[in-house]
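Every number in our numbering is 303 more than the matching position in the sequence shown, counting from 1. Glycine included, every Cβ here is placed at the ideal spot set by N, Cα and C. Here's the structure we're looking at; comments come further down.
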Amino acid sequence: MRNNRTTIYFKYGSMNSGKSLELIKVAFNYKENSIESLILKPRIDIRKPGFIFSRTGLELKANEFDIENSREIKDFLDKVDKKYSVILVEEANFLSPEIVDILVEYAYNNEVNTLMFFGLKNDFRGNLFEGSKRIIEIADKIEESTSICWCGKKARQNARVINNELIKSGPTVLIDNNQEVNYEVLCNYHFWESQLKPWDKNEI
Ligand SMILES: [Zn+2]
Numbered sequence: 304m305r306n307n308r309t310t311i312y313f314k315y316g317s318m319n320s321g322k323s324l325e326l327i328k329v330a331f332n333y334k335e336n337s338i339e340s341l342i343l344k345p346r347i348d349i350r351k352p353g354f355i356f357s358r359t360g361l362e363l364k365a366n367e368f369d370i371e372n373s374r375e376i377k378d379f380l381d382k383v384d385k386k387y388s389v390i391l392v393e394e395a396n397f398l399s400p401e402i403v404d405i406l407v408e409y410a411y412n413n414e415v416n417t418l419m420f421f422g423l424k425n426d427f428r429g430n431l432f433e434g435s436k437r438i439i440e441i442a443d444k445i446e447e448s449t450s451i452c453w454c455g456k457k458a459r460q461n462a463r464v465i466n467n468e469l470i471k472s473g474p475t476v477l478i479d480n481n482q483e484v485n486y487e488v489l490c491n492y493h494f495w496e497s498q499l500k501p502w503d504k505n506e507i
């Protein structure tokens, strides 16, 4: 049965802005009201497969799916219990536009009141992630959470730092084992100027 009661949210922010913690809190608040959320995340985070975890130490079990091929998420949604009225999606920036649309279609086609995407808005080049672009296009409500740049302003960019240099070209996803790759959140100005925290350079 189609329904027009679904509200689609995009809760975006820079890295370290507490998005995972917020997802866990939202799931907990629903649970306190006896509403189970369906928790989804792309299979991309190698740190702890099958879980969403926040830096505060809280964690939550999640259903993972492939982002290269939409078959897995389609099969999962075909079989999943239709009782869920809330769907929470972690790391949604990594979704393809096609998978975003699959989730939206599922929500409108079932009794889903809340479809909430959590993720980054911009990649390390300062461009919208493909998935985030699609979510912004279709969301009813868009909310930003921010962390702080070294200068004290709100951080809105996720700079890729390799060997202490800010890098603005390369593959979009590079979160694997390479220990030389780090990310630093910057305000728009310091990202524009490619200025990392000045005291980092002196440390090494
Ligand atoms: Zn700054």
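- Segment contact: the stretch 318 to 330 against the stretch 426 to 435, fewer than three CB-CB distances shorter than 8 Å; contact not assigned.
- For the pair SER497 and ILE338, the Cα-to-Cα distance works out to about 45 Å.
- Counting along the chain, VAL329 sits inside the alpha helix (DSSP H) bounded by residues 322 to 335.
- For GLN460, the pairing in a beta bridge is given by DSSP as LEU489.
- Excluding sequence positions up to five before and after ILE347, its CB lies within less than 6 Å of the CB of PHE397, all in the same chain and listed in chain order.
- Taking a contact to require three or more Cβ pairs closer than 8 Å, the stretch 323 to 336 and the stretch 391 to 405 qualify as touching.
- In the DSSP assignment, SER448 falls within the unbroken beta strand (DSSP E) covering 444 to 448.
- Remark: C-beta atoms of VAL407 and LEU341 do not approach each other more closely than 8 Å.
- Look at PHE432 here: in three-state DSSP terms it is coil, with no helix or strand label.
- Here the alpha carbon of ILE439 sits roughly 9 Å from the alpha carbon of TYR312.
- Here DSSP, grouped into helix, strand and coil, assigns GLU367 to strand.
- Selection ASP381, SER399 and GLU447 evaluated against ALA410 yields ASP381 as nearest (Cα-Cα).
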